[in-house]
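*Asks:*
Numbering (this note's numbering), first residue to last: 118 to 263.
1. Keeping to the same chain, check which residues put their C-beta closer than 7 angstroms to that of residue 244; ignore five residues upstream and five downstream.
2. Are the Cβ atoms of residue 201 and residue 213 separated by less than 9 angstroms?
3. Among the candidates 241, 209, 225, whose CA atom is the shortest distance from the CA of residue 252?
4. Whole-angstrom Cβ separation of residue 163 and residue 181, contact assumed at under 8 angstroms?
5. Cβ atoms of residue 204 and residue 153: under 9 angstroms apart, would you say?
6. Could you check what DSSP says for residue 189 in three-state terms: helix, strand or coil?
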(Lines of atoms letter the chains of each structure in order from A and count residues from 1; the text may use other names and numbers.)
(Lines give C-alpha, C1' and ligand atoms only; values in the text may rest on other atoms or scores of the structure.)
Protein backbone atom coordinates (compact mmCIF):
# COMPACT_ATOMS: atom_id res chain seq x y z
CA UNK A 1 0.00 0.00 0.00
CA UNK A 2 1.29 3.43 -0.89
CA UNK A 3 0.54 6.48 1.18
CA UNK A 4 -1.65 9.21 -0.21
CA UNK A 5 0.79 12.04 -0.98
CA UNK A 6 -1.76 14.76 -0.24
CA UNK A 7 -2.57 13.28 3.18
CA UNK A 8 1.13 12.77 3.87
CA UNK A 9 1.88 16.42 3.04
CA UNK A 10 -0.99 17.51 5.27
CA UNK A 11 0.32 15.36 8.14
CA UNK A 12 3.84 16.77 7.73
CA UNK A 13 2.50 20.33 7.75
CA UNK A 14 0.43 19.60 10.87
CA UNK A 15 3.49 18.08 12.54
CA UNK A 16 5.57 21.16 11.75
CA UNK A 17 2.83 23.45 13.12
CA UNK A 18 2.50 21.32 16.26
CA UNK A 19 6.26 21.42 16.85
CA UNK A 20 6.32 25.20 16.40
CA UNK A 21 3.39 25.59 18.81
CA UNK A 22 5.16 23.39 21.36
CA UNK A 23 8.32 25.48 21.01
CA UNK A 24 6.31 28.65 21.63
CA UNK A 25 4.62 27.07 24.67
CA UNK A 26 8.01 25.99 26.05
CA UNK A 27 9.40 29.50 25.60
CA UNK A 28 6.35 31.07 27.25
CA UNK A 29 6.66 28.67 30.19
CA UNK A 30 10.37 29.45 30.60
CA UNK A 31 9.68 33.21 30.52
CA UNK A 32 6.88 32.76 33.08
CA UNK A 33 9.12 30.72 35.41
CA UNK A 34 11.93 33.25 35.02
CA UNK A 35 9.49 36.06 35.89
CA UNK A 36 8.34 34.20 39.01
CA UNK A 37 11.97 33.62 39.93
CA UNK A 38 12.77 37.33 39.43
CA UNK A 39 9.87 38.28 41.74
CA UNK A 40 11.28 35.93 44.37
CA UNK A 41 14.88 37.11 43.86
CA UNK A 42 13.71 40.72 44.26
CA UNK A 43 12.47 39.90 47.75
CA UNK A 44 8.89 38.74 47.18
CA UNK A 45 7.80 35.93 49.45
CA UNK A 46 6.46 32.78 47.84
CA UNK A 47 3.07 33.40 49.44
CA UNK A 48 2.90 36.99 48.12
CA UNK A 49 3.83 35.83 44.63
CA UNK A 50 1.31 32.98 44.72
CA UNK A 51 -1.46 35.31 45.84
CA UNK A 52 -0.66 37.96 43.23
CA UNK A 53 -0.48 35.41 40.40
CA UNK A 54 -3.47 33.39 41.64
CA UNK A 55 -1.51 30.18 41.95
CA UNK A 56 -0.68 27.89 44.84
CA UNK A 57 2.19 28.61 47.20
CA UNK A 58 3.38 25.06 46.53
CA UNK A 59 3.63 25.74 42.78
CA UNK A 60 5.72 28.87 43.37
CA UNK A 61 7.92 26.82 45.71
CA UNK A 62 8.34 24.15 42.99
CA UNK A 63 9.33 26.76 40.40
CA UNK A 64 11.88 28.36 42.74
CA UNK A 65 13.34 25.03 43.90
CA UNK A 66 13.51 23.66 40.35
CA UNK A 67 15.41 26.75 39.25
CA UNK A 68 18.04 26.14 41.93
CA UNK A 69 18.83 22.80 40.29
CA UNK A 70 18.84 24.07 36.71
CA UNK A 71 19.93 27.72 36.80
CA UNK A 72 23.54 28.80 36.51
CA UNK A 73 25.39 32.03 36.97
CA UNK A 74 26.00 33.65 33.59
CA UNK A 75 29.30 35.02 34.87
CA UNK A 76 31.09 32.04 36.45
CA UNK A 77 28.91 29.09 35.41
CA UNK A 78 28.25 27.85 38.96
CA UNK A 79 24.92 26.10 39.41
CA UNK A 80 22.25 27.60 41.69
CA UNK A 81 22.74 24.91 44.33
CA UNK A 82 26.50 25.69 44.49
CA UNK A 83 26.04 29.32 45.59
CA UNK A 84 24.27 31.11 48.40
CA UNK A 85 21.96 33.37 46.36
CA UNK A 86 21.31 34.32 42.75
CA UNK A 87 20.00 37.59 41.33
CA UNK A 88 17.86 37.32 38.21
CA UNK A 89 17.92 40.09 35.64
CA UNK A 90 15.76 40.28 32.54
CA UNK A 91 18.18 38.17 30.52
CA UNK A 92 20.85 36.93 32.93
CA UNK A 93 21.59 35.51 36.37
CA UNK A 94 24.48 36.44 38.66
CA UNK A 95 25.52 34.69 41.86
CA UNK A 96 26.47 36.27 45.17
CA UNK A 97 30.10 35.19 44.67
CA UNK A 98 30.40 37.05 41.35
CA UNK A 99 28.63 40.11 42.78
CA UNK A 100 31.21 40.29 45.57
CA UNK A 101 34.18 39.79 43.23
CA UNK A 102 33.09 41.80 40.17
CA UNK A 103 35.29 44.61 38.90
CA UNK A 104 33.69 47.08 36.49
CA UNK A 105 36.03 48.13 33.69
CA UNK A 106 35.28 48.07 29.96
CA UNK A 107 32.29 49.82 28.42
CA UNK A 108 29.52 47.50 27.27
CA UNK A 109 25.78 46.85 27.38
CA UNK A 110 24.55 45.77 30.82
CA UNK A 111 22.50 42.54 30.63
CA UNK A 112 20.39 43.77 33.56
CA UNK A 113 19.48 47.39 32.70
CA UNK A 114 20.50 47.43 28.99
CA UNK A 115 22.43 50.71 29.42
CA UNK A 116 25.81 51.23 27.78
CA UNK A 117 28.39 52.00 30.47
CA UNK A 118 31.39 50.43 32.21
CA UNK A 119 30.56 46.80 32.95
CA UNK A 120 31.94 43.62 34.47
CA UNK A 121 32.13 41.01 31.73
CA UNK A 122 31.19 37.42 32.51
CA UNK A 123 31.18 34.30 30.41
CA UNK A 124 27.70 35.00 28.98
CA UNK A 125 26.63 38.42 30.28
CA UNK A 126 27.73 41.90 31.40
CA UNK A 127 26.68 43.93 34.46
CA UNK A 128 27.21 47.59 35.38
CA UNK A 129 28.14 48.95 38.81
CA UNK A 130 24.65 50.24 39.63
CA UNK A 131 23.10 46.84 38.85
CA UNK A 132 25.85 45.15 40.90
CA UNK A 133 25.07 47.45 43.83
CA UNK A 134 21.33 46.84 43.47
CA UNK A 135 21.87 43.06 43.26
CA UNK A 136 24.11 43.09 46.34
CA UNK A 137 21.45 45.03 48.23
CA UNK A 138 18.69 42.63 47.23
CA UNK A 139 20.78 39.59 48.12
CA UNK A 140 21.84 40.98 51.49
CA UNK A 141 18.24 42.02 52.20
CA UNK A 142 16.99 38.58 51.24
CA UNK A 143 19.55 36.79 53.40
CA UNK A 144 16.86 35.40 55.68
CA UNK A 145 14.30 33.06 54.10
CA UNK A 146 10.74 34.36 53.91
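Every residue gets a Cβ at the ideal spot worked out from N, C-alpha and C, and that includes glycine. Quick caveat, the model's predicted, so the values are computed rather than measured.
*Replies:* Let's see:
1. Walking along the chain shown from the start, residue 244 turns up at place 127. For residue 244, where only same-chain residues beyond five positions count, the Cβ hits under 7 angstroms are 211, 219, 227, 228, 229, 236, 237.
2. The residue you call residue 201 lines up with position 84 of the chain shown. The residue you call residue 213 lines up with position 96 of the chain shown. In contact: residue 201 and residue 213 (Cβ atoms closer than 9 angstroms).
3. For the purposes of this step, residue 252 is taken as residue 135 along the chain shown, with counting starting at 1. Of 241, 209, 225, the residue nearest in Cα terms is 209.
4. Along the chain shown, one-based indexing puts residue 163 at 46. Along the chain shown, one-based indexing puts residue 181 at 64. Sure, about 7 angstroms apart at Cβ, within 8 angstroms.
5. Translated into positions along the chain shown, residue 153 becomes position 36. Translated into positions along the chain shown, residue 204 becomes position 87. No, they are not a contact pair.
6. Numbered from 1 along the chain shown, position 72 holds the residue referred to as residue 189. It is a strand residue.
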